[in-house]
Amino acid sequence: MAKTPRMTTTAGNPIADNQNSQTAGPRGPLLMQDYQLIEKLAHQNRERIPERVVHAKGWGAHGTFTVTNDITKYTRAKIFSEVGKQTPLISRFSTVAGELGAADNERDVRGFAVKFYTEEGNWDLVGNNTPVFFLRDPYKFPDFIHTQKRHPRTNLRSATAMWDYWSQSPEALHQVTILMSDRGCPKTPMHMNGYGSHTFSFINADNERFWVKFHFKTRQGHDFYTNAQAAELIGKTREGYQEALFDAIEEGRYPKWDVKVQIMPEEDADKTSYNPFDLTKVWPHDEYPLIDVGVMELNRNADNYFAEIETAAYSPSNIVPGIGFSPDKVLQARIFAYADAHRYRIGTHYEQLPVNQPKCPVHHYHKDGAMNVMGQMTGARDAYYEPNSMGGATESPAYAEPPLKISGDADRYNHREGNDDYSQPRALFDIFDAAQKLRLYENTAEAMYGVDDAIIDRALEHYDQISVEYGNGIRAARARLSKSMAADAARQQDVDG
Ligand code: NDP
């Protein structure tokens with residue numbers, strides 16, 4: 023039999039006994055000098071870090087991205103430099119509202135985050151399984167998230183809060199329609215698409231800018247659970263996603279997604295009937311068709327979930343030369359908020375953790391701070407400021423993006439004014455067949471259950487503007503639900519005698 027490694031303290035001192043604590047006599051008490059016991063208990067106290075405020079429950083795996091089509095006319099990003107090129111990556115999928123212990127198969131939007139370890143630094147695409155979001159102004163993000171989280175007094179989630187907010191935020195109804203459709207409860211993370219959601223930019227070798235949207239189309243097909251199926255499943259396992267993804271990869275059934283982009287010439291942004299930087303809108307496919315880029319495959323489970331998935335830190339601020347931001351206001355806010363969340367949650371130097379470390383040389387002048395294990399990163403022993411004469415790392419002007427023309431007076435602009443919040447959800451509603459519509463109505467009615475009529479009536483006015491058929495479908499489903507709840511209550515009363 024192979025010799026097992028020697029167990030030690032974290033300082034490397036061999037441990038003679040890991041079964042019995044040191045005591046004064048066999049009955050105790052304990053001795054303060056038993057550092058091995060103290061170290062064990064102290065580490066246990068520190069085994070958790072704060073969970074993410076949103077997207078706490080997640081599942082992920084390592085994989086590769088392979089280029090299948092040449093898009094170098096749009097971008098000089100080296101990840102896309104030649105067909106066949108492979109780049110390692112780590113993905114993390116998540117629900118939004120549930121806490122770390124929440125059940126996987128709950129109706130919710132799913133996070134879809136990918137960190138590509140490119141030769142010019144990490145590129146993080148931190149999207150969702152939906153192409154749009156509930157809001158277009160990040161000023162509303164904390165308010166919206168409060169409606170998804172626990173009520174401060176009841177410590178319960180509140181359907182009233184959700185519908186109170188949504189019924190006064192018509193821009194949310196595009197995303198709410200997706201959430202209440204079949205895609206709001208995918209069977210596993212493998213049965214859903216991913217979307218970068220925001221508009222980003224591509225910069226090519228001639229320094230030309232294009233606007234771009236990223237799409238990841240599942241090769242496993244879309245599959246979903248109804249509310250009733252999900253409830254039954256959750257009664258059996260709360261970890262359906264972890265089990266499905268982990269087992270698929272362990273068994274060599276590697277999930278794949280076709281990666282595609284939509285490209286918009288820079289000057290088109292002023293011509294579209296919708297604001298192409300509005301996160302509540304898609305770019306219709308017939309206007310901006312999908313262009314093939316490559317394939318994402320997940321093929322390796324983490325050896326340690328905590329080290330590789332829980333502390334994986336994705337941020338839309340991580341872009342690489344050839345890929346840039348856009349004026350999308352929500353993207354702009356996330357550029358700050360995500361990196362800031364990781365500094366709080368994991369620590370100042372979260373990007374030194376192996377899972378977050380770029381696989382290319384890193385040189386900067388940030389200094390010190392808790393858990394600095396990187397030492398000097400300036401590229402020269404004596405350089406700790408810049409500019410310096412010691413040969414420390416210097417800037418590379420060749421990577422500058424072309425200037426972006428913007429205009430306008432600084433103000434707080436009403437983001438709802440003049441915005442058509444109904445046409446795009448209508449376009450989606452119109453592609454649903456009768457059975458899909460019925461499930462949409464029923465899921466929406468169930469989500470509305472117990473909320474004051476005044477709030478629901480306000481929401482239904484917006485639904486009517488998407489389509490009267492949609493509004494009336496929800497009304498009818500609400501009536502059916504009330505009837506069946508009343509019948510259940512009467513039956514229960516009979517049983518109780
Ligand atoms: P298309 O008919 O070309 O596209 C319709 C899209 O709807 C397809 O991408 C399809 O995804 C997707 N879809 C089907 N069922 C659902 C669902 N339950 N929830 C979300 N998406 C679904 O039309 P348009 O491009 O003109 O878009 C029409 C509407 O489709 C949009 O207003 C938007 O709501 C939705 N949509 C559009 C996307 C886009 O980028 N243009 C992307 C995703 C949704 P798939 O092909 O993967 O099955």
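According to this note's numbering, the stretch in the sequence shown is residues 23 to 519, in order. Ideal placement from N, C-alpha and C gives every residue a C-beta, glycine not left out.
Worksheet item: Where do the ends of the alpha helix (DSSP H) carrying residue 515 lie?
Response: Position 493 of the sequence shown, counted from the first residue, corresponds to residue 515. Counting along the chain, the alpha helix (DSSP H) containing residue 515 begins and ends at 490 to 518.
Worksheet entry | Separation of residue 314 from residue 90, as counted between CA atoms | Mapped onto the sequence shown, residue 90 falls at position 68. Mapped onto the sequence shown, residue 314 falls at position 292. Whole-angstrom Cα-Cα distance: 7 Å.
Discussion item. Is the separation between the beta-carbon of residue 559 and that of residue 240 shorter than 8 Å?
Written reply: As displayed, the chain neither begins before 23 nor continues past 519, which places residue 559 out of reach and without an answer.
Discussion item. Can you determine whether any heavy atom of the ligand NDP sits closer than 7 Å to the C-beta of residue 215, and answer yes or no?
Written reply: Counted from its first residue, the sequence shown places residue 215 at position 193. Residue 215: yes, Cβ under 7 Å from the ligand NDP.
Item to complete: Quickly, what does DSSP pair residue 314 with across the bridge? List them, please.
Response: Here the question's residue 314 lines up with position 292 in the sequence shown. Bridge partners of residue 314: 282.
Worksheet item: Considering only the beta carbon of each residue, do residue 151 and residue 216 sit closer than 8 Å?
Response: Taking the sequence shown and counting its residues from 1, the one referred to as residue 151 is at position 129. Taking the sequence shown and counting its residues from 1, the one referred to as residue 216 is at position 194. Yes.
Worksheet item: Hey, is residue 282 close to the ligand NDP, as in C-beta under 7 Å from one of its heavy atoms?
Response: To locate residue 282, count along the sequence shown from 1; it is residue 260. Answer for residue 282: no, Cβ out of range of the ligand NDP.
Worksheet item: Near residue 381, which residues of its chain fall below 6 Å by C-beta distance, leaving aside the five closest residues on each side in sequence?
Response: Sequence index remark: in the sequence shown, residue 381 carries index 359 (1-based). Closer than 6 Å at the Cβ level, and outside the excluded window around residue 381, lie 139.
Worksheet item: Just how far apart, CA to CA, sit residue 126 and residue 243?
Response: The residue you call residue 126 lines up with position 104 of the sequence shown. The residue you call residue 243 lines up with position 221 of the sequence shown. Using only the alpha carbons, I get a separation of about 19 Å.
Item to complete: Decide if residue 196 is buried, meaning its Cβ has at least 16 other Cβ atoms within 10 Å, or exposed.
Response: Counting from one through the sequence shown, the residue named residue 196 turns up at place 174. Counting Cβ neighbours within 10 Å, residue 196 comes out buried, since at least 16 surround it.
Discussion item. Assuming residue 488 and residue 466 are in contact, meaning their beta carbons sit under 8 Å apart, how far apart are those beta carbons, in whole angstroms?
Written reply: Here residue 488 corresponds to residue number 466 of the sequence shown, with the count starting at 1. Here residue 466 corresponds to residue number 444 of the sequence shown, with the count starting at 1. With 8 Å as the limit, residue 488 and residue 466 do not qualify as a contact, their Cβ atoms being about 12 Å apart.
Fill in: Cα-Cα separation, residue 154 to residue 304
Locating residue 154 in the sequence shown gives position 132, counting from the first residue. Locating residue 304 in the sequence shown gives position 282, counting from the first residue. One C-alpha to the other measures close to 7 Å.
Item to complete: Excluding the 5 residues preceding and the 5 following residue 97 in the sequence, name in chain order all residues of the same chain whose CB lies nearer than 7 Å to its CB.
Response: Here residue 97 is taken as the residue at index 75 of the sequence shown, counted from 1. Answer for residue 97: 224, 225, 226, 344 and 345, listed in chain order.
Item to complete: For residue 490, verify whether its CB is less than 7 Å away from any heavy atom of the ligand NDP.
Response: Taking the first residue of the sequence shown as 1, we reach residue 490 at position 468. Not so, every heavy atom of the ligand NDP lies at least 7 Å from the Cβ.
Worksheet item: Should residue 308 be listed as close to the ligand NDP, given that the test is whether its C-beta is under 7 Å from any heavy atom?
Response: Here residue 308 refers to the residue found at position 286 when the sequence shown is read from its first residue. Checking the Cβ of residue 308 against the ligand NDP gives yes.
Worksheet item: Whose CA, out of 234, 102, 230 and 229, lies closest to the CA of residue 221?
Response: Mapped onto the sequence shown, residue 221 falls at position 199. Closest option to residue 221, Cα to Cα, is 234.
Practice prompt. Confirm the yes/no value for this check: CB of residue 305, any heavy atom of the ligand NDP, distance under 7 Å.
Written response: For this step, residue 305 is matched to residue 283 along the sequence shown. Because some heavy atom of the ligand NDP lies under 7 Å away, the Cβ of residue 305 counts as near it: yes.
Worksheet item: Does the separation of the CB atoms of residue 210 and residue 263 fall below 8 Å?
Response: On the sequence shown, position 188 is the one that residue 210 refers to. On the sequence shown, position 241 is the one that residue 263 refers to. In this structure, residue 263 lies closer than 8 Å to residue 210 by Cβ.
Worksheet entry | Coarse secondary structure for residue 426, derived from DSSP in three states | Counting from 1 along the sequence shown, the entry for residue 426 is found at position 404. Three-state DSSP puts residue 426 in coil, outside helix and strand.
Worksheet item: When the Cα atoms are used, what is the spatial distance from residue 472 to residue 187?
Response: Taking the sequence shown and counting its residues from 1, the one referred to as residue 472 is at position 450. Taking the sequence shown and counting its residues from 1, the one referred to as residue 187 is at position 165. Cα to Cα, residue 472 sits roughly 15 Å from residue 187.
Discussion item. Based on DSSP bridge pairs, tell me the residues matched to residue 146.
Written reply: Position 124 of the sequence shown, counted from the first residue, corresponds to residue 146. DSSP output for residue 146 lists 137 as bridge partner(s).
Worksheet entry | Whole-Å CB distance - residue 134 paired with residue 81, under 8 Å assumed | Against the sequence shown, residue 134 aligns to sequence position 112. Against the sequence shown, residue 81 aligns to sequence position 59. That pair is no contact at about 11 Å.
Discussion item. Can you tell me whether residue 446 is buried or exposed? The criterion is at least 16 other CB atoms within 10 Å of its CB, across all chains shown.
Written reply: The residue given as residue 446 occupies position 424 in the sequence shown. Buried, since its Cβ has 16 or more Cβ neighbours within 10 Å.
Worksheet item: Under 8 Å, do residue 74 and residue 367 count as touching if we go by C-beta distance?
Response: Position 52 of the sequence shown, counted from the start, is the residue given in the question as residue 74. Position 345 of the sequence shown, counted from the start, is the residue given in the question as residue 367. Yes. Within cutoff.
Worksheet item: Given a threshold of 16 other Cβ atoms within 10 Å of its Cβ, counted over all protein chains shown, does residue 175 qualify as buried or as exposed?
Response: Here residue 175 refers to the residue found at position 153 of the sequence shown. Classification of residue 175: exposed, given that the 10 Å Cβ count is below 16.
Worksheet item: Considering only residues of the same chain and omitting the five flanking positions on each side of residue 189, which have a CB-CB separation below 6 Å?
Response: Here residue 189 corresponds to residue number 167 of the sequence shown, with the count starting at 1. These residues qualify, in order along the chain: 477, 480 and 481.
Worksheet entry | Residue from 88, 146 and 57 with nearest C-alpha to residue 338 | Position 316 of the sequence shown, counting from 1, holds the residue named residue 338. Proximity to residue 338 across 88, 146 and 57 peaks at 146, based on C-alpha coordinates.
Worksheet item: Does the stretch 98 to 115 come close enough to the stretch 347 to 356 that 3 or more CB-CB pairs lie under 8 Å?
Response: no
Worksheet item: Taking one C-beta from the stretch 93 to 109 and one from the stretch 58 to 70 each time, how about it: are there three or more such pairs within less than 8 Å?
Response: By the Cβ test, the stretch 93 to 109 is not in contact with the stretch 58 to 70, since fewer than three Cβ pairs between them sit closer than 8 Å.
Worksheet entry | Outcome for residue 37 when other beta-carbon atoms lying within 10 angstroms are tallied against a minimum of 16 | Looking up residue 37 in the sequence shown gives position 15. Residue 37 comes out exposed.
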